[in-house]
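This report concerns only the one structure given below.
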Amino acid sequence: MLEGKFEEASLLKKVVESIKDSVQLCNFVCSEHGITVQAVDDSRVLLVSLLIGNEVFSDYRCDRNITLGVDLKSFAKIIRCGGNDDYLTLIAEDSPDSVTLVFEDKNSDRISEYSLKLMEIDNEFLKIDDMDYDSVIKMPSIDFQKICRDLSTLSESLQILITKDSIKFMAEGETGNGSVILKPRTDIDKPEQSITVKLNNAVNSTFGLKYIADIVKGTSLSNQIVIKISNRTPALFEYKLQSGYLRFYLAPKFED
Amino acid sequence: KGKQSSIMNFFGTR
Chain A
52 MLEGKFEEAS
62 LLKKVVESIK
72 DSVQLCNFVC
82 SEHGITVQAV
92 DDSRVLLVSL
102 LIGNEVFSDY
112 RCDRNITLGV
122 DLKSFAKIIR
132 CGGNDDYLTL
142 IAEDSPDSVT
152 LVFEDKNSDR
162 ISEYSLKLME
172 IDNEFLKIDD
182 MDYDSVIKMP
192 SIDFQKICRD
202 LSTLSESLQI
212 LITKDSIKFM
222 AEGETGNGSV
232 ILKPRTDIDK
242 PEQSITVKLN
252 NAVNSTFGLK
262 YIADIVKGTS
272 LSNQIVIKIS
282 NRTPALFEYK
292 LQSGYLRFYL
302 APKFED
Chain B
134 KGKQSSIMNF
144 FGTR
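Here it is, written out as structure tokens:
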């Protein structure tokens, strides 16, 4: 049996809102360690990998592995019914047909209970090996979101060039070109404003902005985004949770 | 501009 209680419903709300436009049907695999999701978008360009570690929950128990096949569009509708500050408890039996969501308002005795029917979802599980990346950058997630949104007005592609002392984002389009250059900086008073670059090899990689537009929906999950890039392989975009992460692996575009 | 690659070219099924 699964019983996982979030101190605030807002965390699961944000997670679901962050991935529901990338993938619709996915298995939430619940184990004693927490809840994991892995899913690939329909165009097979973007892979979503989520871990909500058991430490995120104020109470968590899951004696046996339980798979919840969820339609995220329906899940999102139910989650929106709860208040952000409500306790949210997920409950499921060992071989469940449905998952129950219980919202408890902290300021009153109101308890709202919803159940979502589950689906049999047959998706392949991809093996992702730990890689050494050419470069790892960390920067404020909101800055990354703004840069990507701004440059997407010009082009369908975002080129990322990383050297040891700069990160350059570039977009070239029919109506014009744009670029944003960032330099590493350490902000002692506000560490979340810091920008760091670790470089093994200089990077020059290009990605589809329509996928990055979906990735940056995770911005509210973390002050910082970690981007790990190697030339000619998928980049990893990571929002860290208090325990766990939301990761997006995005396949690059290649010159014709 | 550029050809979009697939994530499946990089990560194998388990």
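Protein chains in written order, with this note's numbering: chain A, 52 to 307; chain B, 134 to 147. By construction, the Cβ of each residue, glycine as well, lies at the ideal position given by its N, Cα and C atoms.
Coil, strand or helix - residue i by DSSP
i	result
Val74/A	coil
Asp240/A	coil
Arg113/A	It is worth fixing the name first, because residue 113/A is Cys in this sequence and not Arg. Reduced to three states, the DSSP call for Cys113/A is strand.
Asn228/A	strand
Lys168/A	strand
Ser294/A	coil
Tyr184/A	coil
Asn105/A	helix
Asn255/A	strand
Leu205/A	coil
Met52/A	coil
Ser163/A	strand
Thr214/A	strand
Ala264/A	helix
Phe288/A	strand
Ile179/A	coil
Lys234/A	coil
Phe220/A	strand
Val99/A	strand
Gly85/A	strand
Gly135/B	coil
Phe305/A	strand
Phe195/A	helix
Lys157/A	coil
Among the options, the one whose alpha carbon lies nearest that of residue i
i	options	result
Glu175/A	Glu243/A, Leu98/A and Lys124/A	Leu98/A
Glu171/A	Val96/A, Glu58/A and Ile117/A	Ile117/A
Thr247/A	Tyr262/A, Gly85/A and Ser217/A	Ser217/A
Cys199/A	Lys268/A, Gln293/A and Ile179/A	Lys268/A
Leu169/A	Pro147/A, Asp156/A and Leu233/A	Pro147/A
Asn282/A	Lys178/A, Ser100/A, Arg161/A and Leu301/A	Leu301/A
Lys197/A	Leu209/A, Ser186/A and Val187/A	Leu209/A
Asp114/A	Ala127/A, Asp173/A, Leu102/A and Cys81/A	Cys81/A
Ile280/A	Val187/A, Glu164/A and Leu177/A	Val187/A
Asp92/A	Gly85/A, Met221/A, Cys77/A and Ser61/A	Cys77/A
Thr270/A	Gly120/A, Arg161/A, Phe195/A and Arg236/A	Phe195/A
Ser166/A	Ala127/A, Leu233/A and Ile193/A	Ala127/A
Asn274/A	Ile193/A, Lys261/A, Asp201/A and Arg236/A	Ile193/A
Asp173/A	Leu272/A, Asp72/A and Phe79/A	Phe79/A
Asp201/A	Met190/A, Lys189/A, Gly227/A and Asp181/A	Gly227/A
Tyr262/A	Asp72/A, Glu58/A and Glu68/A	Asp72/A
Glu58/A	Glu68/A, Val107/A, Gly224/A and Glu225/A	Val107/A
Ile142/A	Glu225/A, Glu68/A, Arg112/A and Gly224/A	Arg112/A
Met141/B	Ala222/A, Leu62/A, Gly224/A and Ser94/A	Ser94/A
Cβ pair residue i, residue j closer than 8 Å
i	j	result
Ile70/A	Leu139/A	no
Asp145/A	Met52/A	yes
Ile278/A	Ala286/A	yes
Ser138/B	Pro303/A	yes
Thr214/A	Ala264/A	no
Arg298/A	Ser159/A	no
Gly104/A	Ser294/A	yes
Val96/A	Gly229/A	no
Leu212/A	Asn255/A	yes
Lys157/A	Asp137/A	yes
Leu102/A	Gly85/A	yes
Val74/A	Ala90/A	yes
Glu306/A	Tyr296/A	no
Gly145/B	Lys291/A	no
Lys64/A	Leu272/A	no
Lys249/A	Ile232/A	no
Thr42/A	Ser245/A	With chain A represented from 52 up to 307, any question about residue 42/A goes unanswered, as that position is not in the structure.
Thr38/A	Phe143/B	This structure does not reach residue 38/A, given that chain A is present from 52 up to 307, and the question cannot be answered.
Examine the Cβ distances between the segment 124-138 of chain A and the segment 151-159 of chain A and report whether three or more of them are shorter than 8 Å. The answer is yes - the segment 151-159 of chain A touches the segment 124-138 of chain A, with three or more Cβ pairs under 8 Å.
Would you check if there are 3 or more beta carbon pairs closer than 8 Å linking the segment 204-217 of chain A to the segment 236-247 of chain A? no
For the segment 116-148 of chain A, which segments carrying the beta strand (DSSP E) assignment without a break, of at least 3 residues, lie completely within its bounds, in sequence order? 117-122 and 138-143
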